[in-house]
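*Asks:* According to the numbering used here, the sequence shown is numbered sequentially starting from 28. Here a beta-carbon is modelled for each residue, glycine too, at the ideal position from N, C-alpha and C.
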Amino acid sequence: MKLIIATHNAHKVEEFRRILSPLGIEVTTAQITEPEETGKTFAENAYIKAKAASDETGLPAVADDSGLSVDALGGEPGVYSARYAEVGKRRATVLAKLADVPEERRGAHFTSAICCVFPDGTAINAEGHTYGKIAHENRGENGFGYDPIFVSEEGAAKGKTFAEATAQEKDSVSHRGRALREFAAKLEEYLRNKE
Ligand code: ITT
């Protein structure tokens with residue numbers, strides 16, 4: 028199965044390929060107009076991006092809307108993760124806001140909402156979460172976005188920031204890994220029932 032991936036974030040493309048190609052799903056990029064993300068939830072924004080891309084290309088399209096929710100900030104930056112402070116200052120902004128917050132109140136989680144829209148309007152949705160804590164400083168060189176300040180509490184990545192974890196360790200517990208594996212199972216079922 029081949030799907031257009033509706034994203035302008037090259038790191039997401041890399042993660043989609045890493046996670047989906049072993050499951051038999053190929054994603055290809057296309058020049059797609061970036062729609063305004065007016066949704067109030069990750070799921071709404073994922074649908075907006077996938078629908079716009081499917082309408083524009085006439086092909087099945089899949090999108091991810093994701094973000095970091097910090098407990099001590101009432102869930103911020105959440106759906107505004109990509110627009111929280113200026114480029115290059117987002118992690119520093121979170122670290123500064125948590126400067127006086129003790130270890131036990133530094134909890135946070137990532138969410139990834141996946142939506143795939145087909146030209147006939149059918150939509151398949153999946154969502155994944157992963158839990159951890161906000162570090163006191165940036166750690167690690169891998170990954171992207173908030174990865175260097177997110178210390179995982181789960182599985183193979185436990186105790187490491189997502190930027191210290193290997194790609195395989197991150198994917199095994201990450202919000203996007205979980206959402207994409209759920210999506211792959213739903214897609215397989217949808218295609219089987221269509222036959
Ligand atoms: P598209 O909308 O084009 O897909 P985007 O980067 O703008 O790209 P989002 O609107 O979904 O995507 O914003 C998600 C932001 O949340 C992203 O830019 C990162 O800052 C952060 N984020 C999401 N997943 C992440 C991950 O796995 N590791 C680190 N940061 C992540």
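For the candidate residues I31, T188 and T138, whose alpha-carbon lies nearest to that of G85?
*Replies:* In the sequence shown, counting from the first residue as 1, residue 85 sits at position 58. Checked all of I31, T188 and T138; the closest Cα to G85 is I31.
*Asks:* Shorter than 7 Å, the distance from the beta carbon of D98 to the closest heavy atom of the ligand ITT, or not?
*Replies:* Here residue 98 corresponds to residue number 71 of the sequence shown, with the count starting at 1. No, since every heavy atom of the ligand ITT falls outside the 7 Å radius drawn around the Cβ of D98.
*Asks:* Would you kindly work out how many angstroms separate the C-alpha atoms of V106 and R219, rounded to a whole number?
*Replies:* Taking the first residue of the sequence shown as 1, we reach residue 106 at position 79. Taking the first residue of the sequence shown as 1, we reach residue 219 at position 192. Taking the straight line joining both Cα atoms gives about 33 Å.
*Asks:* Under the rule that 16 or more other beta-carbon atoms within 10 Å means buried, what is S48, buried or exposed?
*Replies:* What you label residue 48 is simply residue 21 of the sequence shown in a count that begins at 1. Looking at its Cβ environment, which holds fewer than 16 other Cβ atoms inside 10 Å, S48 is exposed.
*Asks:* Which whole-angstrom value describes the C-beta separation of V178 and G159, a residue pair presumed to lie in contact below a C-beta threshold of 8 Å?
*Replies:* For the purposes of this step, residue 178 is taken as the residue at position 151 of the sequence shown. For the purposes of this step, residue 159 is taken as the residue at position 132 of the sequence shown. Sure, about 5 Å apart at Cβ, within 8 Å.
*Asks:* Do three or more CB pairs link the segment 69-83 to the segment 139-157 at distances below 8 Å?
*Replies:* Judged by Cβ distances under 8 Å, the segment 69-83 makes contact with the segment 139-157, as three or more pairs qualify.
*Asks:* Taking F177 as part of the beta strand (DSSP E), name the residues at either end of that continuous run.
*Replies:* For this step, residue 177 is matched to residue 150 along the sequence shown. That run of the beta strand (DSSP E) goes F177 to S179.
*Asks:* Under 8 Å by Cβ, that's how I've got V40 and T60 pegged, so tell me the actual separation to the nearest angstrom.
*Replies:* In the sequence shown, residue 40 corresponds to position 13, counting from 1. In the sequence shown, residue 60 corresponds to position 33, counting from 1. With a Cβ gap of about 17 Å, V40 and T60 do not count as contacting.
*Asks:* Can you tell which of N152, H163 and F189 has the C-alpha that lies nearest to the C-alpha of D91?
*Replies:* Taking the sequence shown and counting its residues from 1, one reaches residue 91 at position 64. For D91, the nearest C-alpha among the options comes from N152.
*Asks:* Would you kindly report the start and end of the unbroken beta strand (DSSP E) that includes D92?
*Replies:* Taking the first residue of the sequence shown as 1, we reach residue 92 at position 65. Its beta strand (DSSP E) spans residues A88 to V97.
*Asks:* Can you tell me which of the three DSSP states L214 falls into?
*Replies:* Mapped onto the sequence shown, residue 214 falls at position 187. The answer is helix: DSSP assigns L214 an H, G or I state.
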